[in-house]
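Numbering (mature numbering (1 follows the signal peptide of the UniProt record, and there is no 0)), first residue to last: -26 to -1, 1 to 411. Worksheet: one structure, shown below.
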């Protein structure tokens, strides 16, 4: 979908007419702050009309994968096709343990556009707590399912959505000694995969812009130095970032998407630079004899976390976004790498190596509150969902010839695989499509 279509769809959302008085406020809430939540039993009824079953199926899959909802098997539904314009029989739904009910329908308006409507019901109180309608091109039915999923997720959890997003990643195929690495993109649930490069050059470490449909990545053609490129996903236009004679790696966009921080290797050391994409102005941020790499901006753009071996092993350091000495913030057992600052600003994700394995964890920006979310033989490259509630990473459990993508939430209680066509690595999440420029 083009940017214009994405914005048109989001802008057409409107409140569906309520069936019950708004004065009775429902309390359908999952409190994620406690970290001891139980998934909420929810029933997603088949939506009526054209593409209705597809839309409700997308919603069911999304909410289940989030780990915060437990969709009830349709075989147990007391009403297989509840009428959208009628009040549900709440006692029948309560009898099977349902707390929330989603009903909906999909139709065409007079101009041929797809019209999708949904209602979210609190079964315990018998109240409708949300209702929206969307108009879009008929080809966007799966996308509508993602947007409705976000509305439900946000209403119940109080956390921003993440379903209406894409993920860019490195698709890996072929024998390990001659691996073909293509840049690929897909919906966050693994659907609609397409390839952005053809595999004639190797690509690694793609990073999505937090505000636009652009991706920065490192690419290397045989016999040439690796270079950082920026690709506009909608137009296909690509450009090299910086005019450096040596290898550039680890690109990361600033929060406003106007600058890119990267690492420039010169001899045996590497330092951090930031480049203004528009003016091409280059600023050096560090000047050491060590290897400084993997920069990541704070969401307000004032600070930067990065990894460096200046102390003898890979550790995480914090400095102002304009450069400086840097203050070490990682002090646990092992080495730390690949820091990624949460869009919410509260946590920094990292990879920690030690004890024969790799762990994905989070800590506060001062290094306190370190928690390991998942660990194993080989886990790498954590990257945040735009709501700051989930991380995606890749895992090679050993004995295989490549990695697979996984998603874990910040409590560490939810961990699910993310389907890809082949082996995959280096995932990076897009912003919400309805908010991207």
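Even glycine gets a Cβ: it sits at the ideal position worked out from N, Cα and C.
Once you ignore the five residues that flank residue i on each side, which residues in its own chain have a CB closer than 8 Å to its CB?
{"i": "residue 275", "result": "228, 229, 230, 295"}
{"i": "residue 37", "result": "16, 18, 43, 45, 123, 126, 127"}
{"i": "residue 26", "result": "20, 78, 79, 80"}
{"i": "residue 47", "result": "none"}
Span of the beta strand (DSSP E) holding residue i?
{"i": "residue 203", "result": "201 to 206"}
{"i": "residue 16", "result": "14 to 18"}
{"i": "residue 355", "result": "353 to 358"}
{"i": "residue 48", "result": "It is not in any beta strand (DSSP E) - residue 48 carries neither H nor E in the DSSP assignment."}
{"i": "residue 348", "result": "345 to 350"}
{"i": "residue 335", "result": "331 to 337"}
{"i": "residue 294", "result": "289 to 294"}
{"i": "residue 366", "result": "364 to 369"}
{"i": "residue 222", "result": "222 to 227"}
{"i": "residue 88", "result": "88 to 96"}
{"i": "residue 324", "result": "322 to 328"}
{"i": "residue 277", "result": "277 to 282"}
{"i": "residue 313", "result": "309 to 315"}
{"i": "residue 391", "result": "389 to 392"}
{"i": "residue 382", "result": "378 to 383"}
Does residue i come out as helix, strand or coil in the three-state DSSP assignment?
{"i": "residue -3", "result": "Low confidence applies here, because residue -3 scores a pLDDT of 38, under 50, leaving its location unreliable and the question unanswered by this model."}
{"i": "residue 398", "result": "strand"}
{"i": "residue 248", "result": "strand"}
{"i": "residue 302", "result": "strand"}
{"i": "residue 104", "result": "strand"}
{"i": "residue 233", "result": "strand"}
{"i": "residue 243", "result": "strand"}
{"i": "residue 115", "result": "helix"}
{"i": "residue 255", "result": "coil"}
{"i": "residue 340", "result": "coil"}
{"i": "residue 264", "result": "coil"}
{"i": "residue 214", "result": "strand"}
{"i": "residue -17", "result": "In this prediction, residue -17 has a pLDDT of 41, which is less than 50 and means its spatial position is unreliable; what the coordinates show is noted afterwards. Residue state, collapsed to three classes: helix."}
{"i": "residue 57", "result": "coil"}
{"i": "residue 99", "result": "coil"}
{"i": "residue 81", "result": "strand"}
{"i": "residue 128", "result": "helix"}
{"i": "residue 123", "result": "helix"}
{"i": "residue 372", "result": "coil"}
{"i": "residue 21", "result": "coil"}
{"i": "residue 403", "result": "strand"}
{"i": "residue 269", "result": "strand"}
{"i": "residue 76", "result": "strand"}
{"i": "residue 11", "result": "coil"}
{"i": "residue 110", "result": "strand"}
{"i": "residue 408", "result": "coil"}
With a CB to CB cut of under 7 Å and the five nearest residues on each side skipped, what residues in its chain are close to residue i?
{"i": "residue 171", "result": "156, 157, 177"}
{"i": "residue 393", "result": "164"}
{"i": "residue -6", "result": "With a pLDDT of 35 at residue -6, under the threshold of 50, the modelled position of that residue is not reliable, and no figure is offered here."}
{"i": "residue 250", "result": "232, 233"}
{"i": "residue 220", "result": "199, 238, 239, 240"}
{"i": "residue 97", "result": "64, 67, 68, 72, 73, 74, 75"}
Let's see if you can read the secondary structure: which residues bound the alpha helix (DSSP H) around residue i?
{"i": "residue 4", "result": "Per DSSP, residue 4 belongs to no alpha helix (DSSP H) and is neither H nor E."}
{"i": "residue 421", "result": "What is shown of the chain runs -26 to 411, which leaves residue 421 out entirely."}
{"i": "residue 34", "result": "26 to 40"}
Excluding the five sequence neighbours on either side, which residues of its own chain have a C-beta within less than 6 Å of the C-beta of residue i, listed in chain order?
{"i": "residue 359", "result": "136, 403"}
{"i": "residue 226", "result": "181, 235, 269, 270"}
{"i": "residue 213", "result": "204"}
{"i": "residue 349", "result": "331, 333"}
{"i": "residue 401", "result": "141, 143, 357, 366, 379"}
{"i": "residue 260", "result": "245, 246, 266"}
{"i": "residue 308", "result": "326, 327, 328"}
{"i": "residue 376", "result": "146, 397"}
{"i": "residue 364", "result": "381, 383"}
{"i": "residue 173", "result": "154, 156"}
{"i": "residue 283", "result": "264, 265"}
{"i": "residue 218", "result": "238"}
Worksheet item: Okay, do the segment 87 to 106 and the segment 131 to 151 touch, 3+ Cβ pairs below 8 Å being the bar?
Response: In short, these stretches do not touch, since the Cβ pair count stays below three.
Practice prompt. Could you tell me which uninterrupted alpha helix (DSSP H) segments, each at least 4 residues in length, are contained entirely in the segment 130 to 200, listed from first to last along the chain?
Written response: Within the segment 130 to 200, no complete alpha helix (DSSP H) run reaches 4 residues.
Fill in: Segment contact, 8 Å Cβ cut-off, at least three pairs: the segment 110 to 125 with the segment 379 to 399
Cβ pair count under 8 Å is below three, so no.
Practice prompt. Give a yes or no on contact between the segment 334 to 341 and the segment 310 to 325, applying the rule of three or more CB pairs nearer than 8 Å.
Written response: Judged by pairs of C-beta atoms under 8 Å, the segment 334 to 341 touches the segment 310 to 325, as three or more such pairs exist.
Discussion item. With three or more beta-carbon pairs closer than 8 Å as the criterion, would you say the segment 58 to 74 touches the segment 27 to 34?
Written reply: Taking 8 Å as the limit for Cβ pairs, the verdict is that the segment 27 to 34 does not touch the segment 58 to 74.
Fill in: contact_flag[the segment 76 to 86, the segment 21 to 28] where n(CB pairs < 8 Å) is 3 or more
The segment 76 to 86 and the segment 21 to 28 touch, with no fewer than 3 CB-CB distances between them shorter than 8 Å.
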